[in-house]
Amino acid sequence: MAVAAQQALRTPERTPAPPVTLEQASPVTANEGHLRLSWKPEGEVPDLSFELERSLNADFREVALRKVGADRASYVSGLREGENYFRVRAVTAAGDAGPWSEALVVRVDYPSRRQVFILMAVGAVLLIATVLLILAGHARRRGAREG
Amino acid sequence: MLFPKFIVEILIYAALVGSGLGMVTLLLLLFKDFKKRRIW
Amino acid sequence: MDLRETVLDPTAGWLLLAFFGIAWVALGLYWGRKARDLEGFMLAGRNVGLALGAATAMATWVTSNTIMLAPQFAVQMGIWGMLAYSTASFGLLLFAPMALRIRKLMPKGYTSGDFIRLRYGRAAWVVFLLISLFYSMAWLVSMGMAGGIVLKALAGIPYAYGMSAILLVCVIYTLFGGLYAVIGTDFFQSVIILIGVVTVGAVVLSRIDVTQVYHDVAAQQPTLLAVFMPVALLSLFNNMFFGFGEIFHNNVWWSRAFAMRDGVSYKAFLLSGLLWFPIPVAAGFLGLCAGTLGINVTDPDMVGPLVAGSVLGPIGAMVVFVVIFCSLASSIDSLLAATSDLLAEDVYRKMIAPSASEARVRKLSSWIIIGLGLLTWALCMPRLNYLLQVLFFAGPLVGSAIWPVAAGLYWKKANPTGALWAMILGSAVGLVAYFQIGWFTAALIGAAVSAVVVCLTTWLAPREFDWSRLNEVTPEGTEGGA
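Chains as they are written, first to last, in this note's numbering: chain C, 1 to 147; chain F, 148 to 187; chain Z, 188 to 669.
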């Protein structure tokens with residue numbers, strides 16, 4: 001976008017930060033609230049660092065900003081349910097920030113409360129039953145020689 | 148609703164102290180077994 | 188991996204590997220003098236004391252997963268994730284009374300397979316052996332691969348070399364020292380692991396403010412601190428039953444029960460459970476500190492070493508390296524020993540050659556250890572990452588064995604056919620759940636289905652069992668045989 005304008009701005013000492021493309025690397029785990037994001041700057045500029053923004057709003061009204069350093073990927077976790085918006089931008093060593101990437105939408109759908117309660121109930125019942133089986137058996141046969 | 152901060156603190160400190168105590172316990176037990184010559 | 192540089196110098200890595208490798212092999216050779224006969228090799232003379240007993244159970248259960256996965260669980264599933272991991276210690280606690288019962292019923296027993304065969308008959312025995320061998324191989328391969336991966340990430344040692352070196356060292360000292368070497372090295376390993384975890388944790392705590400960590404996580408990764416965190420909550424019971432299944436069925440734990448001296452096993456397993464319980468949290472909380480420390484996590488399985496290395500520098504990396512080596516070795520050696528026992532005793536002596544002499548079986552165990560090592564190495568070499576996931580398939584399989592084993596030990600009327608079908612159906616339904624619902628439900632569902640089958644069949648078709656049949660005596664008159 002606006003390459004001509006960028007070229008006009010360029011001076012020998014300050015190359016502007018390139019635009020970045022953001023990718024979602026592990027869609028499978030999104031429904032557990034965590035996934036890997038990776039990105040590629042268009043055009044290699046030395047000593048780039050990156051900033052990652054996360055928001056629950058499409059317009060990035062309220063954001064959580066994370067300075068990622070020189071890595072080209074980040075593992076995000078602890079995401080809230082619903083639509084999570086991400087965007088990333090490059091920052092040159094001189095401090096010039098490039099344009100934000102296109103926003104990536106990650107939908108997080110946790111297992112339903114109903115499913116959670118049912119399975120937790122099964123777990124609790126099974127745990128109690130298993131513990132009872134062993135402890136009752138143990139208590140009944142205690143008198144004998146210790147092994 | 149988030150876990151309150153003090154719970155998180157207690158968990159972490161308790162885990163570290165517990166692990167440390169565990170190590171001491173193992174060493175003391177070995178010493179005890181060693182003195183009675185019944186390590187294995 | 189996007190790690191810009193490895194945390195430890197490759198030379199340092201190789202030196203550490205060489206030092207511990209040689210030390211462990213030397214110990215194996217030294218203790219091997221006691222491991223001449225079958226009982227010495229497989230069961231350390233049935234005389235292991237409390238200190239070593241507790242240490243070996245704890246160390247064996249601390250796998251590299253504990254050190255690497257605990258921080259990963261913390262990053263992915265937060266507080267409940269770490270606590271869910273800790274519940275794996277409950278298996279050790281519950282095994283304490285079971286070990287007592289096992290020793291009482293089978294004073295000269297050798298393997299978990301022996302028990303299932305005598306208690307439930309051949310069909311159940313075969314299914315049980317298949318489950319056990321699948322799980323053992325999955326565990327071995329995941330440990331071998333983890334070793335190669337971690338050594339590469341921590342010290343730049345090429346995957347093939349690191350993986351091969353660890354497997355080679357473990358095979359050698361297990362080969363020569365048998366269960367004596369396994370248990371003896373476990374003691375050193377358990378102390379080293381605990382020192383490492385406490386040291387790294389304490390230093391990290393001294394550098395960061397827990398309040399700051401709390402606020403950072405609450406801002407950046409809010410659901411990690413949530414009380415209602417669905418997947419984490421589900422994994423709580425799943426992990427627990429995965430742990431029950433692993434410990435109740437596997438010969439690694441049964442052989443330890445048989446190896447301990449009279450009066451030791453109960454206390455040893457209880458103690459080992461208590462010792463293990465805090466470790467996932469002590470190691471795991473590092474995962475929560477990454478943000479506060481300004482560390483960008485690119486791969487969650489490396490967050491533990493990353494944080495340790497970032498806070499303690501090369502020393503931290505060395506500590507992590509040594510702790511990982513110890514946790515890998517303590518599990519790999521146990522698996523090699525216990526699986527070879529199972530194959531030599533159950534498959535060879537009981538199924539193929541009932542009249543084989545003890546010396547013959549002892550010799551065969553050695554060959555099997557070598558064979559297992561080679562097979563593991565061959566499966567690890569291509570570095571197929573999805574093989575690491577195969578271990579999770581074992582969840583429903585081992586979960587389905589929980590009730591057959593426990594009911595078999597305590598219920599006189601447990602139905603043998605019921606036990607067989609419990610394992611088959613539990614495994615099948617559990618695997619379906621794995622793919623249809625999620626990995627965090629499979630072990631629970633497998634265990635639940637199995638329990639229902641055991642209870643129903645025992646209630647509807649009880650079959651009296653004579654406990655004395657478990658106390659097998661061979662023609663030679665000394666220990667369990669065909």
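In this text, a Cβ means the ideal position worked out from N, Cα and C, and glycines have one as well. What you are looking at is a predicted structure, and each value in this text was computed from that prediction instead of being measured.
In chain Z, which residues lie with their C-beta within 8 angstroms of the C-beta of Lys152(F)?
-> What you label residue 152(F) is simply residue 5 of the second sequence in a count that begins at 1. Within chain Z, the residues near Lys152(F) are Val397, Thr398, Tyr401.
Taking 8 angstroms as the CB-CB limit, is Phe431(Z) close to chain C?
-> In the third sequence, residue 431(Z) corresponds to position 244, counting from 1. It does; some Cβ of chain C falls within 8 angstroms.
What residue from Leu216(Z), Val639(Z), Ala629(Z), Trp608(Z) has the CA that sits closest to Leu421(Z)'s CA?
-> On the third sequence, position 234 is the one that residue 421(Z) refers to. Answer by Cα proximity: Ala629(Z).
Thinking C-alpha only, which one of Leu48(C), Leu133(C), Tyr75(C) is nearest Ala93(C)?
-> Residue numbering aside, residue 93(C) sits at position 93 when the first sequence is read from its first letter. Taking only the C-alpha atoms, the option nearest Ala93(C) is Leu48(C).
Indicate the three-state DSSP secondary structure (helix, strand or coil) for Met447(Z) in the structure shown.
-> Position 260 of the third sequence, counted from the start, is the residue given in the question as residue 447(Z). Of the three classes helix, strand and coil, the one that applies to Met447(Z) here is strand, per DSSP.
Neighbouring residues, chain Z, relative to Ile157(F) (Cβ below 8 angstroms) | Numbered from its first residue, the second sequence carries residue 157(F) at position 10. Simply none; closest approach about 10 angstroms.
Beta-carbon contacts of Leu561(Z) that lie in its chain and below 6 angstroms, excluding the five residues immediately before and after = Locating residue 561(Z) in the third sequence gives position 374, where the first residue counts as 1. So no residue of the chain qualifies.
At 4 residues or longer, and completely inside the region 538-574 of chain Z: list those alpha helix (DSSP H) runs for me, N to C.
-> Counting only runs of 4 or more, we get 545-567.
Which of the three DSSP states, helix, strand or coil, is assigned to Ala5(C)?
-> Position 5 of the first sequence, counting from 1, holds the residue named residue 5(C). Bear in mind that a pLDDT of 47 at Ala5(C), under 50, signals an unreliable position, so the model cannot answer this.
Residues in its own chain within less than 7 angstroms of Lys183(F) by CB, not counting five upstream and five downstream?
-> Locating residue 183(F) in the second sequence gives position 36, where the first residue counts as 1. Its chain contains no residue whose beta carbon lies nearer than 7 angstroms to that of Lys183(F) once the 5 sequence neighbours on both sides are disregarded.
Secondary structure of Thr410(Z), DSSP reduced to three states | Position 223 of the third sequence holds residue 410(Z). The answer is helix: DSSP assigns Thr410(Z) an H, G or I state.
Would you list, in sequence order, the uninterrupted alpha helix (DSSP H) runs of no fewer than 4 residues that lie entirely inside the region 574-609 of chain Z?
-> Complete alpha helix (DSSP H) runs here, min 4: 574-586, 589-597.
Which of the three DSSP states, helix, strand or coil, is assigned to Leu461(Z)?
-> As a working note, residue 461(Z) is residue 274 in the third sequence. Here Leu461(Z) sits in helix by DSSP.
Are the CB atoms of Ser319(Z) and Asn426(Z) nearer to each other than 8 angstroms?
-> Here residue 319(Z) corresponds to residue number 132 of the third sequence, with the count starting at 1. Here residue 426(Z) corresponds to residue number 239 of the third sequence, with the count starting at 1. In this structure, Ser319(Z) lies away from Asn426(Z), with their beta-carbon atoms at least 8 angstroms apart.
C-alpha gap between Leu126(C) and Phe181(F), whole angstroms | As a position in the first sequence, residue 126(C) is number 126, starting the count at 1. As a position in the second sequence, residue 181(F) is number 34, starting the count at 1. Between Leu126(C) and Phe181(F), the C-alpha separation is close to 42 angstroms.
Which residue from Leu177(F), Leu168(F), Ile186(F) puts its Cα closest to that of Thr161(Z)?
-> Here chain Z comprises residues numbered 188 to 669, so residue 161(Z) is not present and cannot be evaluated.
In whole angstroms, what is the alpha-carbon distance linking Ser544(Z) and Gln576(Z)?
-> Within the third sequence, residue 544(Z) is the residue found at index 357, counting from 1. Within the third sequence, residue 576(Z) is the residue found at index 389, counting from 1. Using only the alpha carbons, I get a separation of about 40 angstroms.
Would you report the Cα separation of Leu202(Z) and Val356(Z), rounded to the nearest angstrom?
-> Here residue 202(Z) refers to the residue found at position 15 of the third sequence. Here residue 356(Z) refers to the residue found at position 169 of the third sequence. Here the alpha carbon of Leu202(Z) sits roughly 14 angstroms from the alpha carbon of Val356(Z).
Does the Cβ-Cβ distance between Gly613(Z) and Gly595(Z) come in under 8 angstroms?
-> Translated into positions along the third sequence, residue 613(Z) becomes position 426. Translated into positions along the third sequence, residue 595(Z) becomes position 408. No, these two residues do not count as a Cβ contact at 8 angstroms.
Using 10 angstroms around the beta-carbon of Glu23(C), count the other beta-carbons present and answer buried if the total reaches 16, otherwise exposed.
-> As a first step, residue 23(C) is located in the first sequence; it is residue number 23 there, counting from the start. Glu23(C) is exposed by the Cβ-count criterion.
Listing by chain order, which chain C residues have their CB less than 7 angstroms from the CB of Met285(Z)?
-> Residue numbering aside, residue 285(Z) sits at position 98 when the third sequence is read from its first letter. Per Cβ cutoff of 7 angstroms: Ile134.
Cα separation between Gly300(Z) and Gly491(Z)?
-> Mapped onto the third sequence, residue 300(Z) falls at position 113. Mapped onto the third sequence, residue 491(Z) falls at position 304. Going from the Cα of Gly300(Z) to the Cα of Gly491(Z) covers about 37 angstroms.
Report the rounded CA-to-CA distance for Lys537(Z) versus Leu551(Z), giving the unit in angstroms.
-> To locate residue 537(Z), count along the third sequence from 1; it is residue 350. To locate residue 551(Z), count along the third sequence from 1; it is residue 364. Cα to Cα, the separation comes out at about 14 angstroms.
Roughly how far, in whole angstroms, is the beta-carbon of Val468(Z) from the beta-carbon of Ala162(F), given that I think they are within contact range, below 8 angstroms?
-> Along the third sequence, read from residue 1 onward, the residue named residue 468(Z) stands at position 281. Along the second sequence, read from residue 1 onward, the residue named residue 162(F) stands at position 15. Rounded, the Cβ-Cβ distance is 4 angstroms, consistent with contact.
What residues are listed by DSSP as bridge partners for Glu51(C)?
-> Against the first sequence, residue 51(C) aligns to sequence position 51. In the DSSP output, where bridge partners are listed per residue, Glu51(C) has Lys67(C), Arg89(C).
Would Ala161(F) count as contacting chain Z if we go by Cβ distances under 8 angstroms?
-> Mapped onto the second sequence, residue 161(F) falls at position 14. Yes, Ala161(F) counts as interfacial toward chain Z.
Below 8 angstroms between beta carbons is the criterion; list the residues of the region 595-607 of chain Z that meet it against any residue of chain C, in chain order.
-> Residues Leu596, Tyr597, Trp598.
I think Arg440(Z) touches Val249(Z), with their Cβ atoms under 8 angstroms apart; what is that distance to the nearest whole Å?
-> Locating residue 440(Z) in the third sequence gives position 253, where the first residue counts as 1. Locating residue 249(Z) in the third sequence gives position 62, where the first residue counts as 1. According to the sequence shown, residue 440(Z) is Trp rather than Arg. Contact doesn't hold; Cβ gap of about 14 angstroms is too wide.
Quick one: does Val414(Z) have its CB under 8 angstroms from some CB of chain F?
-> By 1-based counting over the third sequence, the position of residue 414(Z) is 227. Chain F, which has a Cβ nearer than 8 angstroms to the Cβ of Val414(Z), makes this yes.
Out of Ala283(Z), Leu523(Z), Arg547(Z), Val616(Z), state which residue places its alpha-carbon closest to the alpha-carbon of Gly558(Z).
-> Counting from one through the third sequence, the residue named residue 558(Z) turns up at place 371. Nearest of Ala283(Z), Leu523(Z), Arg547(Z), Val616(Z) to Gly558(Z), Cα basis: Leu523(Z).
Is there a Cβ from chain Z that is less than 8 angstroms from the Cβ of Phe78(C)?
-> Indexing the first sequence from 1 puts residue 78(C) at position 78. Here residue 78(C) is Gly; the residue named in the question, Phe, does not match the sequence. It does: the Cβ of Gly78(C) has a partner Cβ on chain Z nearer than 8 angstroms.
Neighbour flag for Arg288(Z) against chain C, beta carbons, 8 angstroms = By one-based count along the third sequence, residue 288(Z) stands at place 101. Taking 8 angstroms as the CB threshold, Arg288(Z) lines the interface with chain C.
DSSP three-state call for Leu480(Z): helix, strand or coil?
-> Within the third sequence, residue 480(Z) is the residue found at index 293, counting from 1. Under the three-state reduction of DSSP, Leu480(Z) is assigned to coil, being neither helix nor strand.
Are any of the Cβ atoms in chain C nearer than 8 angstroms to that of Met427(Z)?
-> Counted from its first residue, the third sequence places residue 427(Z) at position 240. Yes, Met427(Z) lies at the interface with chain C (some Cβ there is under 8 angstroms from its Cβ).
Quick one, which of Arg233(Z), Asp449(Z), Lys295(Z) has its alpha-carbon nearest Asn658(Z)'s?
-> For the purposes of this step, residue 658(Z) is identified with residue 471 of the third sequence, where counting begins at 1. Ranked by how close their Cα comes to the Cα of Asn658(Z), the residues Arg233(Z), Asp449(Z), Lys295(Z) have Lys295(Z) in first place.
Mind pulling the chain F residues with CB within less than 7 angstroms of Ala469(Z)?
-> Within the third sequence, numbered from 1, the residue matching residue 469(Z) stands at position 282. Listed along the chain, the chain F residues whose CB falls inside 7 angstroms of the CB of Ala469(Z) are Ala162, Leu163, Ser166.
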